[in-house]
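First residue of the sequence shown: 1, per UniProt numbering; consecutive thereafter.
Each remark here refers to the structure printed beneath this line.
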Amino acid sequence: MSTPPPPAAVQGGFEAWASRAAAALPHALRRIPFTIGVVAVSLVFGLLTRRIWEPTWQAPWFPDVAYGVPALQEGKIWTLLTGWVFALTPGQYVSGLILFALLVGACELRLGSRRTAISAIAGEVGGVLVATLLVWALSSTTWVWARDLAGARDVGFTTGMLTVVAVTSATLRSPWRLRVRAALWFYVTAAFLFEGTLSDVAHAVGVVAGLLVGQWRYGVEPGFGPRTRRETRMIAFGGLILIGLTQVIVLLFPGRGPFGATSGAAGPITDVLVELALIALVANALRNGKRWAWWATVVLGVLNIVEAVLALVLIVGGKLPQGAPIALAGGLLWLGQLALIVLNRGAFRVPFRRRVPGGVGALDAGGEGLTRAKAILTTVGGSTMSWMTTWPQMRYLFTADGRGYIGYERHAGVALALADPVVPHDTIADAVSEFTTMAERGGLIPCLFSVTDVAADAARAAGWRTVQIAEDTLIDLPGLAFKGKTWQDVRSALNKAKRESIEFRVVTLAEQPFAILAQVRAISEAWVGDKGLPEMGFTLGGVEEALDPAVRVGIAIDPTGSIHGVTSWLPVYAPGGVVRGWTLDVMRRRTDGFRSVMEFMIASACLEFREQGAEFVSLSGAPLARGDVSEAELDRTDRLLERLGGALEPFYGFRSLHAFKAKFQPRYEPVHLAFRDEADLPRIGVALTRAYLPDATPWQLIAATRSGGHEQL
Numbered sequence: 001m002s003t004p005p006p007p008a009a010v011q012g013g014f015e016a017w018a019s020r021a022a023a024a025l026p027h028a029l030r031r032i033p034f035t036i037g038v039v040a041v042s043l044v045f046g047l048l049t050r051r052i053w054e055p056t057w058q059a060p061w062f063p064d065v066a067y068g069v070p071a072l073q074e075g076k077i078w079t080l081l082t083g084w085v086f087a088l089t090p091g092q093y094v095s096g097l098i099l100f101a102l103l104v105g106a107c108e109l110r111l112g113s114r115r116t117a118i119s120a121i122a123g124e125v126g127g128v129l130v131a132t133l134l135v136w137a138l139s140s141t142t143w144v145w146a147r148d149l150a151g152a153r154d155v156g157f158t159t160g161m162l163t164v165v166a167v168t169s170a171t172l173r174s175p176w177r178l179r180v181r182a183a184l185w186f187y188v189t190a191a192f193l194f195e196g197t198l199s200d201v202a203h204a205v206g207v208v209a210g211l212l213v214g215q216w217r218y219g220v221e222p223g224f225g226p227r228t229r230r231e232t233r234m235i236a237f238g239g240l241i242l243i244g245l246t247q248v249i250v251l252l253f254p255g256r257g258p259f260g261a262t263s264g265a266a267g268p269i270t271d272v273l274v275e276l277a278l279i280a281l282v283a284n285a286l287r288n289g290k291r292w293a294w295w296a297t298v299v300l301g302v303l304n305i306v307e308a309v310l311a312l313v314l315i316v317g318g319k320l321p322q323g324a325p326i327a328l329a330g331g332l333l334w335l336g337q338l339a340l341i342v343l344n345r346g347a348f349r350v351p352f353r354r355r356v357p358g359g360v361g362a363l364d365a366g367g368e369g370l371t372r373a374k375a376i377l378t379t380v381g382g383s384t385m386s387w388m389t390t391w392p393q394m395r396y397l398f399t400a401d402g403r404g405y406i407g408y409e410r411h412a413g414v415a416l417a418l419a420d421p422v423v424p425h426d427t428i429a430d431a432v433s434e435f436t437t438m439a440e441r442g443g444l445i446p447c448l449f450s451v452t453d454v455a456a457d458a459a460r461a462a463g464w465r466t467v468q469i470a471e472d473t474l475i476d477l478p479g480l481a482f483k484g485k486t487w488q489d490v491r492s493a494l495n496k497a498k499r500e501s502i503e504f505r506v507v508t509l510a511e512q513p514f515a516i517l518a519q520v521r522a523i524s525e526a527w528v529g530d531k532g533l534p535e536m537g538f539t540l541g542g543v544e545e546a547l548d549p550a551v552r553v554g555i556a557i558d559p560t561g562s563i564h565g566v567t568s569w570l571p572v573y574a575p576g577g578v579v580r581g582w583t584l585d586v587m588r589r590r591t592d593g594f595r596s597v598m599e600f601m602i603a604s605a606c607l608e609f610r611e612q613g614a615e616f617v618s619l620s621g622a623p624l625a626r627g628d629v630s631e632a633e634l635d636r637t638d639r640l641l642e643r644l645g646g647a648l649e650p651f652y653g654f655r656s657l658h659a660f661k662a663k664f665q666p667r668y669e670p671v672h673l674a675f676r677d678e679a680d681l682p683r684i685g686v687a688l689t690r691a692y693l694p695d696a697t698p699w700q701l702i703a704a705t706r707s708g709g710h711e712q713l
C-alpha cells in the first residue's frame with residue numbers, strides 16, 4: 001500500500017483552532033503596539049466627539065481638523081495630523097478601524113513596530129501633502145475635476161495604511177509579493193479613475209512611494225514584474241476579472257471621476273452581466289496560458305483603447321457624451337492589461353487543444369513510453385515507489401539528455417508527478433526544472449507527490465514548498481532475526497501458521513494456475529466490496545498490477561489449496577539493474593481465514609528476500625497517515641491533509657494500517673508533497689481525489705460518509 005496526501009491526529013476541529021488562537025493572541029498583541037495605539041486613539045476621539053455614530057463632515061469644527069487645499073490656503077498645517085483620527089461617516093469610521101487593525105497589524109508583525117510607524121506616518125503626511133499640492137497646482141488649469149477637488153476637505157488614515165502595506169509587500173516572496181502589489185495597484189488606479197477623491201489621489205501617491213521605498217530598503221527579490229509564466233498568467237487573470245467587476249461596481253455605485261460623471265455609463269445590467277461572463281471565460285483560459293485567450297484579450301484591449309481615444313478627443317473638444325468618462329477610464333485599465341500580456345506573451349502559448357510537450361501516454365502494456373521508462377528505471381535505479389510509474393494511466397516526461405524520466409498523471413489541470421524523478425542522482429534538480437517548464441507550457445499546475453528528501457530538497461531549492469505527507473516504513477534485512485519481546489506478535493503468527501500447516505510461497509502471479517488466480521481475484525473483490533467505495537488507484541495497486549512478471553506475489557495457502565492471504569511486492573532497482581529491495585503493495589486476506597495471516601506473510605517474505613540477497617523491504621507509507629504528530633506541530637497545509645486522512649479512515653483504515661506496520665520495528669523515512677504555493681492546493685486536492693478514486697461517483701462518496709467500514713488486519 002503506498003502513499004497519498006495525509007498526516008495524523010484529527011482532534012480539535014473548531015475548538016482546537018479557537019484554543020490555539022486564544023493562546024497565541026496575547027503574544028501577537030504585544031508585537032503590534034503601534035497598531036493598537038492608533039486604533040485606541042481613534043476610538044477615544046470617536047467616542048468623545050460622537051463621530052462613531054454621527055458624520056464628521058456635519059460637525060461645526062470639521063474645517064478645523066480636515067486636510068485639503070483650503071486648509072493649506074488657511075495655514076492650518078496641523079490638519080495633516082488631526083485628520084488621522086476621524087472619518088467622514090460612521091460607516092467609514094468602523095470599517096476603516098477594522099481594516100487598519102487587520103492590515104497594519106499583520107504588517108507590523110512582519111515589518112516591526114518602528115518601521116511600521118515610520119512608514120505609516122511618513123506615508124500619511126507625505127501622501128496627503130503631495131496630493132494636496134498637486135490638486136492645488138492643477139486647479140489653476142481648466143480641468144473641472146481639479147478645480148472642484150481644490151475646494152474639498154477630507155479626513156482619514158487610509159493613506160498611511162496603504163503605504164504600510166505597499167512597503168511590507170517588498171518583504172514577501174513570490175508569488176504573494178506580486179499578488180499583493182497587483183491588488184494594491186489596481187485598487188488605487190480604479191479608485192482614482194472612477195471616483196477621484198482627494199483620498200484617492202493621496203492613496204496613489206502613498207502606494208507608489210511605498211512600493212519604491214519598500215523595494216529599495218527591504219526587497220527580498222529584485223524587480224517588480226512577474227518572475228515566472230505562472231505569475232504572469234495569474235496577474236493577467238486577476239486583472240481581467242477586476243476590469244469586468246469594475247463595470248458592475250460603477251453601474252451599481254456611480255460617481256464622478258477625473259473625466260466626468262460615470263452615472264448611466266455602463267449600460268443596461270443585462271449587457272454588463274453578459275460582458276462579465278465573456279470576460280470570465282476568457283480570463284479562465286488566460287490563467288491556463290491559452291493562446292486563443294491571449295488573442296481575445298488583445299482584441300478586447302485594442303477595442304477599448306480605441307474607444308478611450310475617441311472619448312478623449314470628444315472630451316478635449318468640449319463635448320461630453322454619455323459614457324465618455326467611463327470609456328476613457330476603462331481604456332487606461334485596459335492599457336495596463338494589454339501592456340502586461342504583450343510584454344509577457346511567451347507565457348500564453350498553450351494551444352487550443354492542450355498538448356503537453358514531452359508527455360508520452362503509457363495507456364497499455366505495449367506502449368513505447370512504458371517500454372522506454374522500464375529500460376531507464378532498471379538502468380539508473382529508483383526509489384521505493386518508482387515501479388508505480390510503470391502502471392497504467394501514467395504519462396512520461398523524458399529528460400532532455402534522454403537518461404531519465406518523470407512519471408505523472410494529469411487530473412483537474414494538475415500534472416501530478418509520482419515518486420522521485422527516475423534520473424541519475426546528480427540531475428534531479430534539472431529534472432524538476434524540466435517538469436515545471438513542461439507543465440507551464442501545457443497550462444498545468446506542477447506537483448511532486450510522494451517524493452523523498454532528495455527530490456524535496458531540489459524542489460525547495462527551486463522555490464517550491466514541501467510538506468511531509470507520510471513515512472516510508474523500511475525493514476533492513478541483513479541480520480534480521482525475530483528475537484526479543486518486541487517481535488512476540490510476529491513469532492506467534494509464524495508458529496501458529498506452522499501448527500495449522502499454512503505454507504508461504506513467493507510466486508509470479510501471471511504464471512499461476514486458474515485456481516490460484518480465481519481465489520486471488522475473489523479475495524480482492526471481497527475486500528473492495530466491503531469498503532463502500534471503489535478500489536483506490538494511483539499509488540495503490542491491485543490484482544492487475546500484481547500480474548506484472550517483474551512483481552513478486554506472496555500467498556498463504558493451506559493443505560486444501562485454499563488461499564488465506566495475498567501480498568504483492570514491487571521491485572526496487574539499484575543502478576545497473578540489480579534489485580536491491582522490495583516494496584509492499586497489495587495486502588488482502590480472506591475474512592474467514594487465518595487471522596494473523598498478514599504478520600505471517602510479511603515476516604515470511606522478509607526471510608525469503610533476505611536469502612535472495614535483498615537489502616531491505618519497504619512496507620510503504622500507509623496512505624493518509626504518518627506517525628504521532630502533535631497538533632501544535634502542524635501548519636495550515638498539514639491540518640488540511642490531516643482532516644482528509646481522518647475523513648477516509650473509517651472506510652480504508654489507513655491509520656490502523658500504519659500502526660500495524662509498526663509491529664515490524666521499521667525505520668522511517670519521510671515522504672513529501674511538493675507544490676509551488678498554497679494557491680495550488682485546492683486544485684491539487686481535487687487532482688489527488690480523482691487520481692485515487694477515479695471511478696467513485698458522488699453518490700458513492702455521500703453514501704460512504706453516512707455508513708463507514710473499517711479494515712481489520
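Virtual Cβ for every residue (Gly too), placed ideally from N, Cα, C.
Checklist entry - When we look at the beta-carbon of Lys483 and count the other beta-carbons within 10 Å, is it buried (16 or more) or exposed? => result exposed
Checklist entry - How would you label Lys290, buried or exposed, when you count the other beta carbons within 10 angstroms and need 16 or more for buried? => result buried
Next on the checklist: Quick check on Asn304: buried or exposed, where buried means 16 or more other Cβ atoms within 10 Å of its Cβ?
Outcome noted: buried
Next on the checklist: Am I right that Ala40 and His411 are in contact with their C-beta atoms under 8 angstroms? What's the rounded C-beta distance?
Outcome noted: Contact flag wrong, Cβ pair sits at about 51 angstroms.
Item to check | Cα-Cα separation, Leu693 to Glu409 | outcome: 13 angstroms
Checklist entry - If we call anything under 7 angstroms between Cβ atoms a contact, is Ala674 one with Thr466? => result yes
Checklist entry - Does the Cβ-Cβ distance between Leu570 and Asp585 come in under 7 angstroms? => result yes
Item to check | Of the residues Ala311, Val309, Gly244, Val248, the one placed nearest Thr297, counting alpha carbons only | outcome: Gly244
Checklist entry - Leaving out five residues before and five after Arg505 in sequence, what residues of the same chain have Cβ atoms less than 6 angstroms from its Cβ? => result Ile555
Item to check | Where the alpha helix (DSSP H) containing Thr35 begins and where it ends | outcome: 33-48
Checklist entry - In chain order, which beta strand (DSSP E) runs of at least 3 residues are fully inside the region 466-531? => result 503-507
Item to check | Of the residues Asp401, Ala373, Val220, Phe86, the one placed nearest Arg395, counting alpha carbons only | outcome: Ala373
Checklist entry - Which class does Lys290 belong to by DSSP, given the choice of helix, strand or coil? => result strand
Next on the checklist: Am I right that Gly83 and Asp154 are in contact with their C-beta atoms under 8 angstroms? What's the rounded C-beta distance?
Outcome noted: 7 angstroms
Next on the checklist: Using C-beta distances below 7 angstroms, list every residue in its chain close to Gly301, excluding the 5 sequence neighbours before and after it, in chain order.
Outcome noted: Trp334, Gln337, Leu338
Next on the checklist: Please classify Leu108 as buried or exposed, where buried requires at least 16 other C-beta atoms within 10 Å of its C-beta.
Outcome noted: It should be pointed out that residue 108 corresponds to Glu in this sequence rather than to Leu. By the 10 Å Cβ count, Glu108 comes out buried.
Next on the checklist: Less than 7 angstroms between CB atoms is the rule here; does Glu275 satisfy it with respect to chain B?
Outcome noted: Absent from the structure is chain B; it holds one protein chain and no more.
Checklist entry - Helix, strand or coil: which one does DSSP assign to Asp430? => result helix
Checklist entry - Which one or two residues does DSSP pair with Ala415 in a beta bridge? => result Arg410, Pro446
Checklist entry - Comparing alpha-carbon positions, which option in Glu124, Thr560, Ala131 lies nearest Thr158? => result Glu124
Next on the checklist: Which of the three DSSP states is assigned to Leu88 in this structure?
Outcome noted: coil
Checklist entry - In terms of residue numbering, what span does the beta strand (DSSP E) encompassing Asp585 cover? => result 579-589
Checklist entry - Considering Ala614, what are the terminal residues of the beta strand (DSSP E) in which it resides? => result Premise fails: Ala614 is in no beta strand (DSSP E) and is neither H nor E.
Next on the checklist: Measuring straight from C-alpha to C-alpha, what distance separates Val454 and Val572?
Outcome noted: 17 angstroms
Item to check | Three-state class that DSSP yields for Ile249 in the structure shown | outcome: helix
Checklist entry - Do you know how far the Cα of Thr246 is from the Cα of Val85? => result 30 angstroms
Item to check | Cβ pair count under 8 angstroms reaching 3, the region 124-144 against the region 38-56 | outcome: no
Checklist entry - Glu195 and Gly112 look like a contact to me (Cβ under 8 angstroms); what is the Cβ gap, rounded to whole Å? => result The pair is not a contact, with the Cβ atoms about 33 angstroms apart (cut-off 8 angstroms).
Item to check | Identified DSSP bridge partners for Ser568 | outcome: Val553
Next on the checklist: Could you check whether Thr232 and Ala347 sit closer than 7 angstroms to each other, using their CB atoms as the reference points?
Outcome noted: yes
Checklist entry - In whole angstroms, what separates the C-alpha of Val188 from that of Asp426? => result 48 angstroms
Checklist entry - Straight-line CA distance for Trp292 to Gly260? => result 35 angstroms
Next on the checklist: Between Gly541, Ala493, Gly537, Leu547, which has its C-alpha nearest Phe514's C-alpha?
Outcome noted: Leu547
Checklist entry - On the three-state DSSP scale, how would you describe Asp677? => result coil
Checklist entry - DSSP beta-bridge partners for Glu669? => result Asp472
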